[in-house]
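Sequential numbering from 62 applies to the sequence shown in my numbering. Down below is the structure, laid out as structure tokens.
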Amino acid sequence: MRMKRYGILVAFTGLAVAAILTAGRVAVDSMVKVTAVKVLPRTAEDTVVCTGKIESADSQNVYSAFEATVQKVYVREGERVSFGQTLMELAPTDDDSSDFSSSQPSFQSAYSAYSAYLNQSRSASSSSPSSALPQAKGSAAQKGKSGRALTASISGIVESVAVEGEYLSPSGKPAAVIRNSHEMQARLQVGESQAAKLKTGQKARISGVGFPSVYEGTVDFISSEAKQQVTATGQETVVEAVVKIQNPGTDVKPGLSAKVTITTSDSPNVLIVPYEAVRADEDGSEYVFRAVNGKAVKTPVTTGREFDSGFEIKKGIAANDAVIMDPNGVSDGSRVVPAYRKAADF
């Protein structure tokens with residue numbers, strides 16, 4: 062009899078242990094694995110992102126003073142030239158060859174006056190639109206055996222130069238572009254809705270597919286007039302702006318495309334949560350789920366501004382609260398197993 066009782070106790074004990082183990086497995090299986098982030102105060106930035114082209118901050122277009130064809134080119138792109146150095150030989154067209162000699166005194170006077178003006182306005186010309194100042198014409202007073210020499214109007218590096226056989230005119234494509242400094246800038250076309258946020262002196266980050274480095278810069282110029290720009294979807298009203306690049310490396314070259322992120326304002330001590338963490342009820346009330354002692358707690362919140370990384374939370378959570386980033390499959394009171402990410406990761 063005693064052995065029978067002992068056997069029954071052993072059997073019940075085994076069943077109890079099995080039930081406990083099964084319940085434990087069920088409890089573990091019912092827990093939801095989630096990713097959470099501890100919200101910390103941070104400095105939030107409002108930014109404007111736009112695209113543009115890299116160009117020299119201090120370059121000059123050199124034009125022929127008359128209609129001509131390029132006979133011979135003496136320089137190449139990337140070559141350093143001196144003021145007055147012969148760039149190419151030009152052959153005037155029939156309409157211009159007879160009038161060329163008589164036009165030289167007036168041209169030389171105009172060119173001298175322009176050079177004096179350019180020296181006085183050098184600081185302004187680097188940040189103004191490329192069309193704001195007149196462009197220099199090369200001195201073409203010298204007559205060579207095979208044609209008329211077009212010479213450099215400034216000393217510097219040749220950025221571009223015409224090819225032999227190319228047609229040139231005073232109002233057409235420049236015969237050459239000469240850069241006389243290593244300063245670079247990005248010329249941007251900013252949409253009218255974003256242009257109102259821009260101010261000179263604002264900080265910017267410049268990146269591009271054609272150069273691996275990310276550079277710092279500042280907004281140096283904002284046009285006072287808007288213009289129409291043709292896009293794939295029609296016409297867009299844009300405002301031209303120039304961002305000066307600080308300490309550009311050799312990988313930054315004129316003509317490359319650039320992505321520019323301009324910081325228009327920053328706010329310290331802001332609580333930000335990822336966009337995917339914020340949900341809304343049918344009545345529009347917003348909420349997040351906090352991870353508290355292994356459970357998901359539905360928490361009403363009041364959102365504020367929108368930033369690149371998420372919503373500003375003005376009310377509802379505090380610093381160091383753990384917010385579930387993507388609460389799909391989670392309800393109020395759900396048992397959760399959070400894996401924490403750093404706040405800087407979103």
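Here a beta-carbon is modelled for each residue, glycine too, at the ideal position from N, C-alpha and C.
Exposed or buried, what is residue i when buried is set at 16 or more other beta-carbons lying within 10 Å of its beta-carbon?
i	result
residue 271	exposed
residue 153	buried
residue 277	exposed
residue 392	exposed
residue 183	At residue 183 the pLDDT is 44, less than 50, meaning the model places this residue with poor confidence; the figure from the coordinates comes in the next sentence. Exposed: under 16 other Cβ atoms inside 10 Å.
residue 386	buried
residue 329	exposed
residue 228	exposed
residue 149	buried
residue 361	exposed
residue 296	exposed
residue 134	buried
residue 354	exposed
residue 400	exposed
Output the boundary residues of the alpha helix (DSSP H) element that contains residue i.
i	result
residue 254	253 to 256
Which residue's Cα is closest to the Cα of residue i: the options?
i	options	result
residue 420	137, 239, 255, 131	Beyond the ends of the chain as shown, which are 62 and 407, falls residue 420; an answer cannot be given.
residue 120	140, 219, 92	219
residue 291	319, 320, 252	252
residue 282	323, 268, 316	323
residue 260	269, 249, 279	279
residue 144	224, 308, 211, 336	211
residue 284	296, 273, 303	303
residue 131	286, 313, 331, 151	151
residue 367	327, 396, 403	327
From the DSSP output, in three-state form, read off residue i for me.
i	result
residue 135	coil
residue 293	coil
residue 225	coil
residue 337	helix
residue 263	coil
residue 315	coil
residue 115	strand
residue 153	strand
Span of the beta strand (DSSP E) holding residue i?
i	result
residue 215	Residue 215 -> no beta strand (DSSP E), and no H or E assigned at all.
residue 399	397 to 402
Secondary structure, beta strand (DSSP E): runs of 3+ residues fully inside the region 342 to 372: Counting only runs of 3 or more, we get 347 to 353, 356 to 361, 363 to 368.
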